[in-house]
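Using my numbering, you'd call the opening residue of the sequence shown number 3 and step up by one each time. From the three backbone atoms N, C-alpha and C, an ideal C-beta is built for every residue, glycine too. Worksheet: the structure to be examined is printed underneath.
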Amino acid sequence: MLRSGRLLFSLFLLIGWACSHPVVQRVQLQEYVFSDSTYTTQDPKIEGRIAPYRDSLNRSMARVLAESAQPLEKKQPEGKLGDFVADACLQEAAALTRETIDLALFNHGGLRRSLPMGAITLGDVYELMPFDNELVVITLRGSKLLELLNHVASTGGAPVSGLRMLISSNLADSVRIGGEPLDTSRTYRVLTSDYLANGGDRYTAFADALEKEELRLRVRDAIVQRLEKLGQQRQTLVVTLDGRIQHAE
3 MLRSGRLLFS
13 LFLLIGWACS
23 HPVVQRVQLQ
33 EYVFSDSTYT
43 TQDPKIEGRI
53 APYRDSLNRS
63 MARVLAESAQ
73 PLEKKQPEGK
83 LGDFVADACL
93 QEAAALTRET
103 IDLALFNHGG
113 LRRSLPMGAI
123 TLGDVYELMP
133 FDNELVVITL
143 RGSKLLELLN
153 HVASTGGAPV
163 SGLRMLISSN
173 LADSVRIGGE
183 PLDTSRTYRV
193 LTSDYLANGG
203 DRYTAFADAL
213 EKEELRLRVR
223 DAIVQRLEKL
233 GQQRQTLVVT
243 LDGRIQHAE
C-alpha cells in the first residue's frame with residue numbers, strides 16, 4: 003500500500019469568477035494514513051480464489067514427459083541440448099508439413115537452461131524455452147545461407163540439424179547439407195524461429211528470404227511433442243554428439 007504524502011499546504015483558495023468580486027473560501031484538509039508499511043497480510047478470500055488455479059498449474063508443470071539417460075547441457079560449438087532441440091523441432095516440423103525441410107537452425111542464447119538426467123517435466127521445458135516463439139520455414143538462396151552460417155561460426159556455434167560444418171577463422175567451412183556440399187546457387191528450406199527469421203541475434207540474412215511459411219507451432223510445443231512421443235513409447239532419451247559443428251584443426 004502507498005503512504006499518503008505530507009500536505010504542502012492546508013488552505014486552498016477557490017476564486018469564483020462568476021461574479022464581479024472574487025469569492026475566497028477556506029478549505030480545511032486533513033491527512034489520512036492508509037498504511038504505514040509496505041507489507042500486507044494475505045487476504046484469505048483472494049487466496050482461496052487463487053489457490054485452485056495455482057495448484058492446477060503446479061500439477062501441470064510437474065507432469066513427466068520423458069526420461070533422459072544423461073543431463074543435456076548447453077555447449078558450443080556443439081552440445082547435447084542444442085542437438086536435441088534442433089533435431090526435435092526438425093522432426094516435428096517435417097511431420098506437420100509433410101514436406102522436405104533441408105535443415106534447422108536456432109540460436110545458442112535461446113536455450114535458457116539445461117535439461118536434467120532422469121525425469122523431464124513440462125516445467126523443465128518451459129524453463130528451457132520460456133518464450134512463445136513459433137517455428138517458420140524460410141526459403142533462402144545458398145549464398146544467403148552461407149552468410150547465416152558465417153554468422154553462426156563467428157558466434158562459436160549454434161543448435162543445428164541436417165547440417166555439418168567446420169569453424170575456421172570464425173567462418174563456416176566444409177559445409178554439408180543433408181550430406182551434400184552447400185551449393186550457393188540453389189535454394190534451401192531452413193527451419194528456424196520467428197525471432198531469428200525477423201533478424202534477431204543479428205541473423206540479418208533471413209531478411210532476403212524468398213519465401214516464409216509460418217507453421218503455427220511454438221518451438222516449445224515441438225519439444226514437448228517430441229518428448230511426449232518418447233514417453234508414450236517408453237523410450238529413454240539418449241543424445242550422442244556427432245560432430246555436426248566442429249572447430250577446424
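As assigned by DSSP and simplified to three states, the class of residue i
{"i": "T206", "result": "helix"}
{"i": "A121", "result": "strand"}
{"i": "Q234", "result": "helix"}
{"i": "K146", "result": "helix"}
{"i": "M63", "result": "helix"}
{"i": "K76", "result": "coil"}
{"i": "V240", "result": "coil"}
{"i": "I52", "result": "helix"}
{"i": "T157", "result": "coil"}
{"i": "L198", "result": "helix"}
{"i": "T102", "result": "coil"}
{"i": "L31", "result": "coil"}
{"i": "L107", "result": "strand"}
{"i": "A68", "result": "strand"}
{"i": "D126", "result": "helix"}
{"i": "R114", "result": "coil"}
{"i": "D89", "result": "helix"}
{"i": "G84", "result": "helix"}
{"i": "Q44", "result": "coil"}
{"i": "L16", "result": "Residue confidence is low: L16 scores 41 on pLDDT, short of 50, so the model does not pin down where it sits. No coordinate-derived value is stated."}
Pair within 8 Å by beta-carbon distance, residue i and residue j
{"i": "L212", "j": "L142", "result": "yes"}
{"i": "F133", "j": "L198", "result": "no"}
{"i": "R228", "j": "E49", "result": "no"}
{"i": "N135", "j": "V221", "result": "yes"}
{"i": "Y190", "j": "D126", "result": "no"}
{"i": "E149", "j": "A207", "result": "yes"}
{"i": "P73", "j": "H249", "result": "no"}
{"i": "I122", "j": "A68", "result": "yes"}
{"i": "V138", "j": "D210", "result": "no"}
{"i": "P219", "j": "L98", "result": "Sequence inspection shows Leu at residue 219; the Pro mentioned does not correspond to that position. Yes, the pair counts as a contact, with Cβ atoms nearer than the cut-off."}
{"i": "K76", "j": "H110", "result": "yes"}
Expected contact under 8 Å - CB spacing of residue i and residue j to nearest Å
{"i": "L2", "j": "R65", "result": "Residue 2 falls outside the range modelled here, since the chain spans only 3 to 251, and no answer is possible."}
{"i": "M167", "j": "S176", "result": "6 Å"}
{"i": "L173", "j": "N152", "result": "5 Å"}
{"i": "I247", "j": "I169", "result": "7 Å"}
{"i": "R188", "j": "G144", "result": "5 Å"}
{"i": "L92", "j": "L193", "result": "6 Å"}
Beta-ladder partner(s) of residue i, from DSSP
{"i": "R178", "result": "R166 and P183"}
{"i": "T141", "result": "R191 and E213"}
{"i": "Q248", "result": "L168"}
{"i": "E136", "result": "R220"}
{"i": "L173", "result": "S170"}
### Message
Within 8 Å, do at least three Cβ pairs link the region 78–93 to the region 158–167?
### Response
yes
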